[in-house]
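**Student:**
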Amino acid sequence: MSTLPRVPSAVPGEAATLRTALAHCPDLAAAFHRLYGTMWSDGIVGQDIKETARMRNARVTDCGFCKNVRFDGALAAGLAEAQVDLITDGYESSSLSDDQKLVLRYTDTYLHDPAGLAADVATAMRERFSDAEIVELTLALTMFLGMAKVLISLGTEPEGMERTVLPTPALSGRR
Amino acid sequence: MTWLEGIDVGTRGAGATVADALALRPELAGLFDEYLSQIAAPTTVRPVLADLCRLRIAQLLGDTAEFARRDPAATEAGLTERMIADLARYPTSPLFTPHERTCLNYAEQYVIDVHSITDADAAAVKQGMTDAEFVGFTVALGMFEGTTRFRLILGVS
C-alpha cells in the first residue's frame, strides 16, 4: 500500500487526489461522474441500502478514503453511525435489520465468490427487491469496488482521515 | 443462467446478457455504456494490453463466457489466439513483452490483493505510459473486475 500518489495532479495548484488524478482523462472522468451521480441520486434503491453495501466494500477492500466518508443522503435516510459500526464481520449476530443483513450477504458474495450465490440469498433478494433494484445494487457494487481499488492503486488514499460527511454524489444541479 | 425472472431475452433463445440486465434500469444503461466506451477509447487504453488484462481477470475469476469473448479492436491491433492460449503462462511465455508481463502481474495483484502493489510495481507499469494512460489503464482494470463479478453474480454473460 502507498499513500504517496503514483500520478501527479492534473489540476494545477491542487494536490493529487482521486479527483485530480482522474482529471488526466477528462472525458472518462465526466462519464464516471454522470453514471455515479445518477446511480446515487436518481436511483430506485434507498441510499441507506446502497451506503450499507458501500461501507461493507470499503471495509473489506480496506480503502482508507472510502471507510471514512459518509454520504449525507444515507444519513438523512436513517443510516446512523451506530449502525455503520456494525457493518463488520460479525454483522449476522448484530442488531442490523434483516434488509441490511441481506444486502451484506449479497455484497460479501459479490466480493468473495460471485459465482457462488447461495440459493437462499437469491430467493431472499428476489422477495425483498425488484429485479431492477437488484441490477442497480449490483451496478453500485461494481462501481464501489472498482473505484476503491483505483484509489488504492493510484496511491491516493489519505495518510490519515477523520470521518467526513460529503454530499451524496449527484449530477450538477440535481441535488 | 440468471436468477432474475424479469430479464427479457425475447426470442433469442440464448442466455441473458449484461445489456439485458441493465435494460431493467434504462436510465443507468446508457450512462454505463458511455463510461465503458470512454474506458475502451484508444486514447484511454492500448487495445492489446487492455484486452490481455480483461481476459486474464476473466480467467482468474472463472468467467468462461467473458474469456471466450473477443474484442475486434484488440485483434486488429495484434492480439492473437496463441497469446490468449498462453495467457496463464504469461510470466515465462515468449509471446509477451516484458511490459505486458509487468502489466498482467499488476492486473493480478489488483484483483487478488490490491494493497500488495508497491510503488516500484506501479512505476514499472507506468514505464512508457503517459499519466493519462496509466490512470485510464487502472480505471479499466476496475471495470474489468467489477463487470466480471456483475456477470457472475447475476448469471448473465
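So the protein sequences, as listed, match chains A and D.
For the first sequence, the residue numbers in the numbering used here are 972 to 1146.
For the second sequence, the residue numbers in the numbering used here are 21 to 177.
A virtual CB, placed ideally from N, CA and C, is assigned to each residue, including glycine.
1. What residue from V1074(A), S980(A), M1010(A), P976(A) has the CA that sits closest to T1023(A)'s CA?
2. Taking just the CA atoms, how far does P997(A) sit from M163(D)?
3. At a Cβ threshold of 9 Å, is L1006(A) touching chain D?
4. What span of residues does the beta strand (DSSP E) with F1042(A) cover, start to end?
5. Is the CB of I59(D) under 9 Å away from at least one CB in chain A?
6. Would you mind sorting A142(D) into buried or exposed? The rule is 16 or more other CB atoms within 10 Å of its CB.
7. Rank D1019(A), D1056(A), H995(A) by C-alpha distance to the C-alpha of I59(D) and give the top, closest one.
8. Please confirm if L1003(A) has its CB atom under 9 Å from at least one CB of chain D.
9. Looking at the C-beta of T122(D), does it have a partner C-beta in chain A at a distance below 9 Å?
10. How is L1057(A) classed by DSSP in three states: helix, strand or coil?
11. Of the choices E1107(A), T1109(A), G1117(A), whose alpha-carbon is the least far from that of G160(D)?
12. Taking C-beta pairs closer than 8 Å, name the residues in chain D that C996(A) reaches, listed in chain order.
13. Please report how far the alpha carbon of G1131(A) lies from the alpha carbon of A1000(A), in whole angstroms.
14. Which residues in the same chain as F1115(A) place their Cβ atom closer than 6 Å to its Cβ, once the five residues preceding and following it in sequence are excluded?
15. With distances taken from CA atoms, which of I1105(A), D1069(A), S1065(A), F1100(A) is nearest Y1081(A)?
16. So, with DSSP's three-state summary, where would you put V159(D)?
17. Can you list the residues of chain D that A1103(A) reaches, using a CB-CB cut of under 8 Å?
18. Under a CB-based cut-off of 9 Å, is I1020(A) close to chain D?
19. Could you check where the beta strand (DSSP E) with T1135(A) kicks off and where it finishes?
20. Threshold first: 4 residues or longer. Then list the alpha helix (DSSP H) segments lying entirely within the segment 991-1034 of chain A, N to C.
**Tutor:** So, from the listed chains and residues:
1. Considering only alpha carbons, the answer is V1074(A).
2. So the alpha carbons of these two residues sit roughly 17 Å apart.
3. Answer yes: the Cβ-Cβ gap between L1006(A) and chain D drops below 9 Å somewhere.
4. F1042(A): member of the beta strand (DSSP E) spanning 1040-1042, first to last residue.
5. Taking Cβ atoms only, chain A reaches closer than 9 Å to I59(D), which makes this a yes.
6. Burial state of A142(D) is buried, judged by a 10 Å Cβ sphere holding 16 or more other Cβ atoms.
7. It is H995(A).
8. The amino acid occupying residue 1003(A) in the given sequence is Phe; Leu does not appear at that position. For F1003(A), the answer is yes, since a Cβ of chain D falls inside 9 Å of its Cβ.
9. Not one beta carbon of chain A lies nearer than 9 Å to the beta carbon of T122(D).
10. L1057(A) falls in the coil class under three-state DSSP.
11. One point to set straight first is that residue 160(D) is Ala, not Gly, in the sequence displayed. That would be G1117(A), whose Cα lies nearest to the Cα of A160(D).
12. Under the 8 Å cutoff, chain D gives Q58, T64, A152, V155, G156, V159.
13. A direct Cα-Cα distance of roughly 25 Å separates G1131(A) from A1000(A).
14. Leaving aside the five residues that flank F1115(A) on each side, the residues in its chain whose CB is nearer than 6 Å to its CB run, in chain order, R1025, N1028.
15. Relative to the Cα of Y1081(A), the nearest Cα in the group I1105(A), D1069(A), S1065(A), F1100(A) belongs to I1105(A).
16. In this structure, V159(D) counts as helix in the three-state DSSP scheme.
17. Simply G26, L44, R45.
18. No, its Cβ sits nowhere closer than 9 Å to a Cβ of chain D.
19. First-last of the beta strand (DSSP E) with T1135(A): 1135-1137.
20. With a minimum length of 4 residues, the continuous alpha helix (DSSP H) runs that stay inside the segment 991-1034 of chain A are 997-1012, 1018-1032.
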